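J.: Just so you know, the numbering used here puts 308 at position 281 of the sequence shown, and the rest follows in order with no gaps.
Where is the CB? At the ideal position from N, CA and C, for every residue including glycine.
Please read all numbers here as calculations on a predicted model, not as lab measurements.
To start, I am sharing the structure in question, which I have written as structure tokens.
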Amino acid sequence: MHKLARLDRQYVWHPFTQMRDWDRREPIVLVRGKGAVLEDANGNKYLDGNASIWTNLHGHNHPRLNRAIESQLSKVAHTSALGLANEPASLLAEKLVKAAGRPLRKVFYSDDGSTALEVALKMAYEFARRTGHARSPRFLSLDGAYHGDTIGATSLGHIDLFHKTYGGLLFKTDKAMSPTCYRCPFNRAKPERADARTTRKCNWECVGKVEAQLRRRKYAAMVVEPRVQGAAGMVMHPEGWLRRVAKSVRESGALLIADEVMTGFGRAGELFAGRKEKVTPDFLCLAKGLTGGYLPMGTTLTTQPVFEAFLGEYEEFKTFFHGHSYTGNQLGAAAALASWELLNQPKAKKRRKEMEKVLGRELNSLWPLAAVGDVRREGLMVGVELVADWKSRRAFPLKSQAGIRVCEAMTRRGVLTRPIGNVVPLLPPYCSTDAQLRRMVRALRESIVEVFGREKV
28 MHKLARLDRQ
38 YVWHPFTQMR
48 DWDRREPIVL
58 VRGKGAVLED
68 ANGNKYLDGN
78 ASIWTNLHGH
88 NHPRLNRAIE
98 SQLSKVAHTS
108 ALGLANEPAS
118 LLAEKLVKAA
128 GRPLRKVFYS
138 DDGSTALEVA
148 LKMAYEFARR
158 TGHARSPRFL
168 SLDGAYHGDT
178 IGATSLGHID
188 LFHKTYGGLL
198 FKTDKAMSPT
208 CYRCPFNRAK
218 PERADARTTR
228 KCNWECVGKV
238 EAQLRRRKYA
248 AMVVEPRVQG
258 AAGMVMHPEG
268 WLRRVAKSVR
278 ESGALLIADE
288 VMTGFGRAGE
298 LFAGRKEKVT
308 PDFLCLAKGL
318 TGGYLPMGTT
328 LTTQPVFEAF
338 LGEYEEFKTF
348 FHGHSYTGNQ
358 LGAAAALASW
368 ELLNQPKAKK
378 RRKEMEKVLG
388 RELNSLWPLA
398 AVGDVRREGL
408 MVGVELVADW
418 KSRRAFPLKS
428 QAGIRVCEAM
438 TRRGVLTRPI
448 GNVVPLLPPY
458 CSTDAQLRRM
468 VRALRESIVE
478 VFGREKV
């Protein structure tokens, strides 16, 4: 075993990892990367099949991002945002606001996706109280919601496996039905070998369920991941759901919080996923790809009315009492500015569209496999749901570790990704070549065959 692997096993406790299982095999210790390729301490090379947990946009060791960080490092690495401003954070805020469009006018910096949601929660809660919308306002989120692991973000979550353990620590929130076409009880379409969103037969009962919940009480805000619920299993919403729900939220008087921590920065096919349905929220939470996947940083964009609700004389104590030591960090902001320039180059936009087409074509090769229940794609996000029986959509029990076994087989083929239960995600870095995209899908296809056999539909 490599020395670094021994040190890891001796001292490091990994997130969302059963450490007893971890200790049964030698860890992969990654030591360098270039583009979409990562290399471990033993010299083995892998394709980064999930963009390092959905963060990396332009590839590893990118010269433009490296230079931006080095340039900022030669000036100053960090100064506090408490009572002070800095150059890259100011420039980045301007770009974000101009890109997001009205009514979003202000940017509050934080450290990651969870903290970006915490900021939105606190602002929305206090805004509802100060405007008289609700005395003790609550929040509404979706079944299967995951918005982070800090206490406020966890309170919004509705994945029992992750969140039930901490129930005694959390504040009360409500949940509404998620538009999960593949497993929707209102979808009358029989299972077909196509994305369930395209074959669904329903009357938007899922929207009606949200509207009914909004009528039950006054909410400070509803929180949604636009178009795709990541940790729920790459659950992809049907076209029109977001637009309809956003309209209902507005009519109820609640605010709309868009968690675009995963979907933002082109991952869903547009700069921000909400744009696909012309929805602009009251809060836009960003992280992950914000710095191109280089450094932790989060932002919460909000409106002028929310901002003004916290204005007053000093002695009124209407200040937004929230902040972090590394809020607006210069290195993170410098990386984000460089990433922004790369992201918005015309040739980069064109290339992402080409990648979507290649990925879509390659994924069609998975449909003949009987262990594949649904193949979902939104932009450059993919979720392949593994099932015990595709005709009934019967799921594999979690203890079978179906997703884990397939991802382990993919690792042996030189492609890294991490399952979400029985769903195998693919989120390639934007620098991936056509050949690398084909290799990712081929590794997934061959791994499914290795684990479940060659049975076909």
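1) Restricting to Cα atoms, I'd like to know which of G430, S459 and R445 is closest to E477.
2) When you compare the CB positions of L393 and G293, do they come within less than 9 Å of one another, or not?
3) Just to confirm, is the Cβ distance from A314 to V288 under 9 Å?
4) Identify whether C312 lies in helix, strand or coil by the three-state DSSP scheme.
5) Using the C-alpha atoms, what's the distance from D138 back to L197?
6) Look up M204 in the DSSP assignment and say whether it is helix, strand or coil.
7) Would you grab the beta carbon distance between L453 and N77 for me? Rounded to a whole angstrom, and I think it's under 8 Å.
8) Who pairs with D67 in a beta bridge, going by DSSP?
9) For the structure I just gave you, are there three or more beta carbon pairs, one from the segment 359-375 and one from the segment 81-92, closer than 8 Å?
10) Alpha carbon to alpha carbon, how far is P456 from L464?
11) What do you reckon, are the CB atoms on F334 and A127 nearer than 9 Å?
12) Take S275 and list the residues in its own chain whose beta-carbon comes closer than 8 Å to its own, dropping the five residues that flank it on each side.
13) In whole angstroms, what separates the C-alpha of E232 from that of A259?
14) Report the rounded CA-to-CA distance for E297 versus G291, giving the unit in angstroms.
15) Looking at the ligand GTP, does it come within less than 8 Å of R242, judged from the CB to the closest heavy atom?
16) Which residues in the same chain have their Cβ closer than 8 Å to the Cβ of H41, if we skip the five residues on either side of it in sequence?
17) So, for R36: in the same chain, excluding its five sequence neighbours on each side, which residues have a beta-carbon less than 7 Å away from its beta-carbon?
18) Could you say which of T327, E340, A180 and L74 lies nearest to R466 if we only look at CA atoms?
19) Distance check for F348 and E66, CA to CA, integer angstroms please.
20) May I ask you to report which of helix, strand or coil DSSP gives F166?
21) From which residue to which residue does the alpha helix (DSSP H) around E381 run?
22) Since M263 and E405 are thought to touch, with beta carbons under 8 Å apart, how far apart are those beta carbons, to the nearest angstrom?
23) Do S168 and K202 have their C-beta atoms closer together than 9 Å?
24) Looking at the strands, I want to know which residues DSSP matches up with H87.
25) Quick one: using the 10 Å Cβ neighbour count with 16 as the cut-off for buried, is E412 buried or exposed?
26) What does a CB cutoff of less than 6 Å around P446 pick up in its chain, not counting 5 residues either side in sequence?
27) On a CA-only basis, which of T438, V402 and Q357 is nearest K102? Give me that one, please.
28) Rounded to whole angstroms, what's the CA-CA distance from G194 to D170? Just pull it up for me.
29) Along the chain, where does the alpha helix (DSSP H) containing R132 start, and where does it finish?
T.: In short, the structure shows the following:
1) Locating residue 477 in the sequence shown gives position 450, where the first residue counts as 1. Checking every option, the nearest Cα to that of E477 belongs to G430.
2) Within the sequence shown, residue 393 is the residue found at index 366, counting from 1. Within the sequence shown, residue 293 is the residue found at index 266, counting from 1. No, the pair does not count as a contact, with Cβ atoms beyond the cut-off.
3) Counted from its first residue, the sequence shown places residue 314 at position 287. Counted from its first residue, the sequence shown places residue 288 at position 261. Contact flag set, yes.
4) Residue numbering aside, residue 312 sits at position 285 when the sequence shown is read from its first letter. Three-state DSSP puts C312 in a strand.
5) Residue mapping note: residue 197 aligns to position 170 of the sequence shown, counting from 1. Residue mapping note: residue 138 aligns to position 111 of the sequence shown, counting from 1. Spanning the two alpha carbons is a distance of roughly 21 Å.
6) As a first step, residue 204 must be located in the sequence shown, where it is residue number 177. Of the three classes helix, strand and coil, the one that applies to M204 here is coil, per DSSP.
7) As a working note, residue 453 is residue 426 in the sequence shown. As a working note, residue 77 is residue 50 in the sequence shown. L453 to N77, Cβ: 7 Å. Contact.
8) Residue 67 sits at position 40 when you count from the first residue of the sequence shown. Answer is L57, bridged to D67.
9) yes
10) Taking the first residue of the sequence shown as 1, we reach residue 456 at position 429. Taking the first residue of the sequence shown as 1, we reach residue 464 at position 437. So the two alpha carbons sit approximately 10 Å from each other.
11) Numbered from its first residue, the sequence shown carries residue 334 at position 307. Numbered from its first residue, the sequence shown carries residue 127 at position 100. No.
12) Mapped onto the sequence shown, residue 275 falls at position 248. If we look at S275 and ignore the five residues flanking it on each side, its Cβ neighbours are V234, V237, E238 and L241.
13) Along the sequence shown, one-based indexing puts residue 232 at 205. Along the sequence shown, one-based indexing puts residue 259 at 232. Straight-line Cα distance between these residues: approximately 20 Å.
14) Looking up residue 297 in the sequence shown gives position 270. Looking up residue 291 in the sequence shown gives position 264. Each residue's Cα considered, the two are about 8 Å apart.
15) Although the ligand GTP was asked about, the structure shown includes no ligands whatsoever.
16) Working through the sequence shown from its first residue, we reach residue 41 at position 14. Correct list, in chain order: W49.
17) In the sequence shown, counting from the first residue as 1, residue 36 sits at position 9. Hits under 7 Å: D50 and P54.
18) Residue numbering aside, residue 466 sits at position 439 when the sequence shown is read from its first letter. Among T327, E340, A180 and L74, the Cα nearest to that of R466 is on L74.
19) The count along the sequence shown starts at 1 and reaches residue 66 at position 39. The count along the sequence shown starts at 1 and reaches residue 348 at position 321. For E66 and F348, the distance between alpha carbons rounds to 44 Å.
20) One-based indexing of the sequence shown puts residue 166 at position 139. Residue state, collapsed to three classes: strand.
21) As a first step, residue 381 must be located in the sequence shown, where it is residue number 354. E381 -> alpha helix (DSSP H) spans P373 to L390.
22) For this step, residue 263 is matched to residue 236 along the sequence shown. For this step, residue 405 is matched to residue 378 along the sequence shown. With a Cβ gap of about 5 Å, M263 and E405 count as contacting.
23) Counted from its first residue, the sequence shown places residue 168 at position 141. Counted from its first residue, the sequence shown places residue 202 at position 175. Yes. Within cutoff.
24) Numbered from 1 along the sequence shown, position 60 holds the residue referred to as residue 87. H87 is bridged to G62.
25) Start at 1 with the first residue of the sequence shown, and residue 412 comes out as number 385. Counting Cβ neighbours within 10 Å, E412 comes out buried, since at least 16 surround it.
26) What you label residue 446 is simply residue 419 of the sequence shown in a count that begins at 1. Cβ neighbours of P446 beyond the five flanking positions: G430, I431 and C434.
27) Counted from its first residue, the sequence shown places residue 102 at position 75. Residue Q357 is the option with its Cα nearest to K102.
28) Taking the sequence shown and counting its residues from 1, one reaches residue 194 at position 167. Taking the sequence shown and counting its residues from 1, one reaches residue 170 at position 143. Straight-line Cα distance between these residues: approximately 16 Å.
29) The sequence position of residue 132 within the sequence shown is 105, counting from 1. Where R132 is concerned, there is no enclosing alpha helix (DSSP H), although the beta strand (DSSP E) it sits in stretches over L131 to S137.
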